[in-house]
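> In my numbering, the protein residues as written are 10 to 846.
Beta carbons are placed, not taken as given, at the ideal position from N, Cα and C, and that holds for glycine.
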Ligand code: AHR
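#1: Under the rule that 16 or more other beta-carbon atoms within 10 Å means buried, what is residue 740, buried or exposed?
#2: In the DSSP output, what is residue 120 paired with across the bridge?
#3: Can you tell me whether residue 309 is helix, strand or coil according to DSSP?
#4: Would you list the residues sitting across from residue 341 in a DSSP beta bridge?
#5: Please return the same chain residues whose Cβ sits closer than 7 angstroms to the Cβ of residue 607, not counting the five positions on each side in sequence.
#6: Quick check on the DSSP output: what are the complete beta strand (DSSP E) runs of length 3 or more inside the region 412-483, in order along the chain?
#7: Taking the C-alpha atoms as reference points, what is the distance between residue 678 and residue 503?
#8: Helix, strand or coil for residue 729? Go by DSSP, reduced to three states.
#9: Tell me residue 231's beta-bridge partners as DSSP assigns them.
#10: Quick one: Cα of residue 445 to Cα of residue 410, how far?
#11: Can you check whether the CB of residue 647 is closer than 9 angstroms to the CB of residue 629?
#12: At a cut-off of 8 angstroms, would you count residue 285 as near the ligand AHR, judging by its Cβ distance to the nearest heavy atom?
#13: With respect to 8 angstroms, is the separation between the Cβ of residue 342 and the closest non-hydrogen atom of the ligand AHR below this value?
#14: Quick one: residues in its chain with C-beta nearer than 6 angstroms to the C-beta of residue 128, no 5 flanking neighbours on either side, listed in chain order?
#15: Is the closest heavy atom of the ligand AHR to the C-beta of residue 408 under 8 angstroms?
#16: Would residue 780 and residue 833 be called neighbours here (beta carbons separated by less than 9 angstroms)?
#17: Please list the segments of the beta strand (DSSP E) lying wholly inside the region 682-762, counting only runs of 3 or more residues, in order along the chain.
#18: For residue 736, does the count of other Cβ atoms within 10 angstroms reach 16, so buried, or fall short, so exposed?
#19: Of all the alpha helix (DSSP H) runs that stay within the bounds of the region 522-575, which reach a length of 4 or more residues?
#20: How is the beta strand (DSSP E) around residue 181 delimited, first residue to last?
#21: Return the residue from the list 299, 742, 80 that minimises the CA-CA distance to residue 345.
#22: State buried or exposed for residue 325, treating a residue as buried only when at least 16 other CB atoms are found within 10 Å of its CB.
#23: Residues bridged to residue 592 by DSSP?
#24: Which stretch, first to last residue, makes up the alpha helix (DSSP H) that contains residue 272?
#25: Could you give the first and the last residue of the continuous beta strand (DSSP E) run that contains residue 92?
#26: Measuring alpha carbon to alpha carbon, tell me which of 52, 588, 694 ends up nearest residue 565.
#27: Out of 816, 784, 794, point me to the one whose CA is closest to residue 38's CA.
#28: Run the CB neighbour count on residue 822, radius 10 Å, all protein chains shown included, and call it buried at 16 or more, exposed below.
#29: Who are the Cβ neighbours of residue 413 in its own chain at under 8 angstroms, not counting the five residues just before and after it?
#30: Can you tell me which of the three DSSP states residue 334 falls into?
#31: What did DSSP end up calling residue 6 once you bin it into helix, strand or coil?
#32: Residues in its own chain within less than 6 angstroms of residue 181 by CB, not counting five upstream and five downstream?
#33: Determine the burial state of residue 165: buried for a count of at least 16 other Cβ atoms within 10 Å of its Cβ, exposed for fewer.
#34: With DSSP as the reference, identify every bridge partner of residue 251, one or two as the case may be.
#35: Across which residues does DSSP place residue 632 in a beta bridge pair?
#36: Kindly list the residues whose CB is nearer than 7 angstroms to the CB of residue 295, restricted to its own chain and excluding five residues on each side of it in sequence; keep chain order.
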């Protein structure tokens with residue numbers, strides 16, 4: 010294989026070689042300059058998902074501090090035991106049901122009754138602290154003279170405490186006439202023993218009053234709770250009970266958790282896309298992001314139900330996030346709600362005549378960030394402590410708008426912004442819309458989102474090579490391996506290497522791709538959805554996945570421009586397809602029988618489902634025996650596999666019958682580890698047949714469909730890498746399976762240091778013995794640095810207990826002359842920095 014890679018539009022030959030020989034040649038011509046790489050190419054995408062912000066980066070330790078978690082999710086109604094939207098459809102995620110329990114209660118708070126104390130706690134909406142925080146907690150102390158009665162909060166899956174660590178407590182309280190006792194605050198362990206020095210406050214009055222105190226930890230604990238209690242009789246109301254570590258990132262009040270923020274800062278992000286994707290869209294119009302709810306005193310911020318199944322405090326609001334960007338030295342990229350809610354939930358569109366507030370919110374956000382203190386919104390920013398404008402330069406209009414309703418709304422907002430603030434860069438993600446719905450619609454930058462398998466990312470290293478350079482530049486705003494070998498344990502080594510391979514292609518096409526970010530960034534290990542994170546944490550610990558380290562290395566080793574890089578792999582023979590067989594369906598129910606696998610005319614397997622199905626390994630769907638057939642009876646994705654990973658050169662025959670559902674059959678072969686081929690018969694809405702490798706089509710699609718209740722004769726021949734597929738005796742596909750690239754390299758120059766930077770990714774179980782020929786640099790070396798991110802297994806990852814299991818290691822080495830040999834380790838990213846000065 011030969012890949013020439015220094016700028017777009019050049020050629021790329023599909024790999025015909027194998028990695029078995031494990032040798033390669035990289036020819037680098039430093040005189041052939043490629044595109045400049047945006048200094049702010051690598052950034053982050055910060056979204057409050059997986060308790061990334063509340064219960065994560067935002068350092069607040071009390072969960073449900075304002076008692077607003079009892080509020081039903083805005084725009085949803087409780088119907089037949091479920092919270093549903095106006096269309097009667099359920100919210101997107103499971104787990105939403107938990108709010109059934111919350112509406113009348115005080116979620117995350119519990120009553121503390123010690124020493125025979127009597128009393129109760131209740132949600133109360135009389136005499137609100139503010140209109141935005143109408144709920145409070147009413148504590149009625151009937152008798153606590155010989156003990157204490159109080160309320161406890163376990164924080165977000167436990168509060169982390171260390172000896173000598175200080176915590177800033179603040180809360181609002183009022184009482185009924187007659188209460189004149191002290192309120193005592195402590196941090197306690199599981200056994201109820203104090204692990205902070207108790208602090209008492211007095212002077213509660215019948216009107217709301219704020220109290221502040223500092224607690225000091227005396228012991229290590231990662232699972233502490235906060236208790237506020239009294240021994241006096243009477244009634245006390247509480248609201249906005251807040252506890253922060255005294256030390257926050259950059260020592261900001263209402264600040265961020267130091268360790269998590271530092272992990273982010275270590276990435277040195279060039280920009281921060283915020284506050285989210287689905288978060289800005291909301292599940293309903295009432296839950297769409299409105300930045301105006303997120304500024305000002307905390308008790309004046311209206312908390313809103315977020316699309317990731319928890320209420321957002323907005324403690325880290327528009328101001329705090331702009332402040333964080335400034336602290337990071339990153340450009341803010343604000344994403345605003347553009348009138349269409351999340352298309353992966355139930356899309357709602359703001360009626361066009363009512364779009365005014367949506368449009369105004371964009372204009373006002375820009376004025377808040379950039380206006381001087383004489384403007385209405387700039388004044389509020391100055392009062393919040395930042396008189397200097399934040400100089401917001403990038404705004405994204407909506408997230409993944411995906412219906413016909415989006416284009417007119419997008420157009421309204423975009424045109425208005427262009428008219429009022431023509432100098433800003435406007436980003437959009439219109440990739441979910443057919444082009445014909447948005448004829449002529451343009452933007453300054455196009456946002457694309459990619460969630461896929463490692464193989465998909467490796468296959469798409471050349472995605473932008475042939476892009477029409479007249480189209481707007483690109484921001485790949487959400488990039489992550491989420492399936493295939495990197496799926497179950499996202500962020501592992503194979504996931505990282507897949508992402509890294511893709512990033513080499515983005516650098517090569519840096520004239521098109523201006524920015525890129527991983528998604529999602531953060532995840533609380535206890536507060537996750539199905540989504541993953543690049544940085545995980547619990548109450549006291551934090552770690553980065555292998556993806557974290559790979560992206561960090563790409564950011565730290567971003568060249569100023571690429572140089573021509575040609576990679577040639579040893580032209581050896583590709584390995585034969587090997588692996589087990591299987592059958593399955595995609596949103597369809599079907600039956601299979603008379604399955605035979607033969608090698609050289611000798612049977613490897615012959616099914617007899619009337620007697621047994623032992624040895625079949627089911628993976629989704631509902632499988633059973635029906636007469637002499639093996640049936641998958643759900644209209645679902647369901648697979649079942651049989652046989653040996655070493656099977657090769659075989660012919661598989663079977664009969665298959667569709668029962669009901671929207672597609673046909675999946676006939677699996679070459680199933681080894683996480684890799685598999687399948688023949689998708691009647692796929693794509695029962696309109697086409699095609700062979701796929703790890704769900705990526707190889708070869709051509711053929712038109713065709715599958716009728717229900719009819720037995721089809723199916724035959725798949727696998728010889729070496731040749732595949733032939735027959736339906737009812739007719740040859741439908743014949744192809745040689747391509748060998749995917751598994752070695753990637755890209756070089757560039759760092760103008761400041763003069764270094765030649767070579768990034769190489771070797772996704773193979775053996776080292777890649779590589780000859781590197783560098784021309785155009787005159788004499789250079791012998792000093793060089795090699796930073797390697799590698800591990801023995803592609804599925805290896807880091808964890809809270811082993812945060813550096815897979816982490817980069819840097820070593821010096823010497824090179825002799827401009828041609829030298831380097832072994833790139835198995836399963837690795839290597840960054841070479843060759844010193845030219
Ligand atoms: O990153 C998680 C989600 O994926 C984002 O909110 C959304 O933009 C995408 O669908």
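Straight from the coordinates:
#1: Within 10 angstroms of the beta-carbon of residue 740 lie fewer than 16 other beta-carbons, which makes it exposed.
#2: Partner(s): 160.
#3: Residue state, collapsed to three classes: helix.
#4: Partner(s): 281.
#5: Hits under 7 angstroms: 613, 659, 660.
#6: Taken in chain order, the complete beta strand (DSSP E) segments of 3 residues or longer contained in the region 412-483 are 434-437, 454-461.
#7: A straight line joining the alpha-carbon of residue 678 with that of residue 503 spans about 22 angstroms.
#8: It is coil, neither helix nor strand.
#9: Beta-bridge partners of residue 231 (DSSP): none assigned.
#10: Rounded to the nearest angstrom, the two C-alpha atoms are 15 angstroms apart.
#11: Yes.
#12: Correct: residue 285 has its Cβ closer than 8 angstroms to the ligand AHR.
#13: No - the ligand AHR has no heavy atom lying nearer than 8 angstroms to the Cβ of residue 342.
#14: Its chain contains 149, 150, 151, 158 as the residues whose beta carbon lies nearer than 6 angstroms to that of residue 128, once the 5 sequence neighbours on both sides are disregarded; these appear in chain order.
#15: Yes, the Cβ of residue 408 comes within 8 angstroms of a heavy atom of the ligand AHR.
#16: Contact flag unset, no.
#17: As for any beta strand (DSSP E) of minimum length 3 sitting wholly inside the region 682-762, the runs are 684-691, 697-702, 705-712, 720-728, 731-736, 739-745, 752-758, ordered along the chain.
#18: Result: buried.
#19: Complete alpha helix (DSSP H) runs here, min 4: 555-565.
#20: Residues 175-184.
#21: The option with the nearest alpha carbon to residue 345 is 299.
#22: It counts as buried.
#23: 649, 676.
#24: Residue 272 -> alpha helix (DSSP H) spans 267-275.
#25: Counting along the chain, the beta strand (DSSP E) containing residue 92 begins and ends at 91-93.
#26: Comparing C-alpha distances from residue 565 to each of 52, 588, 694 shows the shortest one belongs to 52.
#27: Ranked by how close their Cα comes to the Cα of residue 38, the residues 816, 784, 794 have 784 in first place.
#28: Residue 822 is classed as exposed because its beta carbon has fewer than 16 other beta carbons within 10 Å across all chains shown.
#29: Correct list, in chain order: 446.
#30: It is helical.
#31: Residue 6 lies beyond the stretch modelled for the chain, which goes from 10 to 846, so this question has no answer here.
#32: Result list for residue 181: 138, 217, 219, 248, 249, in chain order.
#33: With 16 or more other Cβ atoms within 10 Å, it is buried.
#34: Paired residues: 179.
#35: Paired residues: 641.
#36: The residues are 83, 84.
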